[in-house]
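What follows is one structure encoded as structure tokens, with my remarks underneath.
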Amino acid sequence: MDTFIIKVDPTKTKALTEMFKAFEISYELKKGYLIEETVLHAEEPVKLTLEQKKAIDEALDDVANGRVHSHEEAMEILKKRHPKYF
Numbered sequence: 041m042d043t044f045i046i047k048v049d050p051t052k053t054k055a056l057t058e059m060f061k062a063f064e065i066s067y068e069l070k071k072g073y074l075i076e077e078t079v080l081h082a083e084e085p086v087k088l089t090l091e092q093k094k095a096i097d098e099a100l101d102d103v104a105n106g107r108v109h110s111h112e113e114a115m116e117i118l119k120k121r122h123p124k125y126f
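Numbering of the sequence shown is given in the numbering used here, commencing with residue 41 and proceeding in unit increments.
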């Protein structure tokens, strides 16, 4: 088991905790730091590119600001845009 300690931007705390709960990841939040314990399944640690990190930050920002859709809402949007596939 590995332990990761991540400095958390206070504006992203809620989004991060919701994501960790959704993925059933064990964590605790202490004084602005997210402490996560996880079992890595990869042979070697995965290194994210700056582009990947930016995409994750943008997604967390979307979640934090309510710019998300449920699966059902997304399916309705797709049906309206592409009715021939449904």
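Idealized CB from N, CA, C, for every residue including glycine.
In the DSSP assignment, the alpha helix (DSSP H) including residue i goes from what residue to what residue?
| i | result |
| --- | --- |
| D49 | Note, D49: premise wrong, no alpha helix (DSSP H); not H, not E. |
| K120 | H111 to R121 |
| V108 | Premise fails: V108 is in no alpha helix (DSSP H) and is neither H nor E. |
Taking residue i as the reference, give the member of the options with the closest Cα.
| i | options | result |
| --- | --- | --- |
| M59 | A99, L88, E91 and L90 | A99 |
| D49 | A104, L88 and K119 | A104 |
| T51 | A114, K87, I96 and D101 | D101 |
| A55 | H122, I96, F126 and K87 | I96 |
On the three-pair Cβ rule with 8 Å, is the region 55-64 touching the region 110-126?
No contact exists between the region 55-64 and the region 110-126.
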